[in-house]
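Trainee:
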Amino acid sequence: MHAQIILFDGFDPLDVIAPYEVLHAGGTASGGLVSVELVSAEGPREVLSGTGSLSLRATAGLDPARPGLVLVPGASGRVGEPDEVPGHDFGAGERQQDESIPVLLGRTLTTELPALLKAAMDNPEVTVCAVCGGSLVLAMAGLLEGRHATTHHMGLDMLDATGVHAVRARVVDDGDVVTGAGVTSGLDLALHLLEREVGPRIAHAVEEMFAHERRGIVWRDRGPVAAAF
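Just so you know, this note's numbering puts the end of the sequence shown at 350, numbered straight through with nothing missing.
1) Per DSSP, what kind of secondary structure is H209 in: helix, strand or coil?
2) Consider the Cβ of L183: report whether some Cβ of chain B lies at a distance smaller than 8 Å.
3) Among the residues of its own chain, which have a CB less than 6 Å from the CB of H269, if the five just before and after it don't count?
4) Using 8 Å for Cβ pairs, my map puts G276 next to L257. What's the rounded Cβ distance?
5) Would DSSP call E158 helix, strand or coil?
6) Using only CA atoms, which one of V137, E163 and H333 lies nearest to S170?
7) Under 8 Å, with one C-beta from each stretch per pair, do the segment 174-183 and the segment 122-141 reach the 3-pair mark?
8) Whose C-alpha, out of T172, V160, A332 and G320, is nearest the C-alpha of D133?
9) Around the Cβ of D243, are there at least 16 other Cβ atoms within 10 angstroms (buried) or fewer (exposed)?
10) Three or more C-beta pairs under 8 Å: does that hold for the segment 140-150 against the segment 224-237?
11) Whole-angstrom Cβ separation of F129 and S161, contact assumed at under 8 Å?
12) Assuming A324 is part of the alpha helix (DSSP H), what are its boundary residues?
13) Can you check DSSP and say which residues form a bridge with A270?
14) From which residue to which residue does the beta strand (DSSP E) around H145 run?
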């Protein structure tokens, strides 16, 4: 299983690093059954996060034809207002200071990322994943309509407004779309993917090594609907 974790200008570092470390450790624990890399829509480049001056390097361009996982992180910045929109078309690697999360997420729609993500979602051999505001990137690109997904609790109303069945859960598994809620949920999402795709023994070994116990139930659209309490 190969995982491509996407970097875009203003990304949230923890959304990237948490699943990266879990999946990389899964590869080590499984004798190489899992590989992971950082990619961008533009190809290899240094990508500035939304947290201070921290940047990470994308070593390749996102390849939607490659089987495996594609993971979209959220953004880091001011909370801002949902109706804030990009006011300037910056080039790759350019970013104003003190930008809001809605602006940073919205700016991804002006890149090649939506088209690449659509191609990935159309590929039956790819599972598209998102952490936190990454779900909103997919939703704003029109790729989650009618699907079940979650995001940071502050963005659930916005997610629902795009035609998504927003679920207040730590991790939502909707088959070929798997999403996580707040930033630390990237740990739980990646552990769930290890368990689902590689096996519970590998996931448990990584969980034990990281001294992290997964929280909550992974929500799936199965079984009876719960009655009101």
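Quick reminder that beta carbons are idealized off the backbone N, C-alpha and C, glycines included.
Mentor: Considering the structure as presented:
1) With a pLDDT of 45 at H209, under the threshold of 50, the modelled position of this residue cannot be trusted; read the value that follows with caution. The answer is coil: DSSP assigns H209 none of H, G, I, E or B.
2) Included in the structure is just one protein chain, with no chain B present.
3) Cβ neighbours of H269 beyond the five flanking positions: H286, V288, V293, D295 and D342.
4) A Cβ-Cβ separation of about 6 Å places G276 in contact with L257 under the 8 Å criterion.
5) DSSP, read as helix, strand or coil, puts E158 in strand.
6) Among V137, E163 and H333, the Cα nearest to that of S170 belongs to V137.
7) yes
8) T172
9) Answer is exposed; the Cβ neighbour count stays below 16.
10) no
11) 7 Å
12) P321 to M330
13) Within the DSSP secondary-structure output, A270 pairs in a beta bridge with A287.
14) Where H145 is concerned, there is no enclosing beta strand (DSSP E), although the alpha helix (DSSP H) it sits in stretches over P134 to A150.
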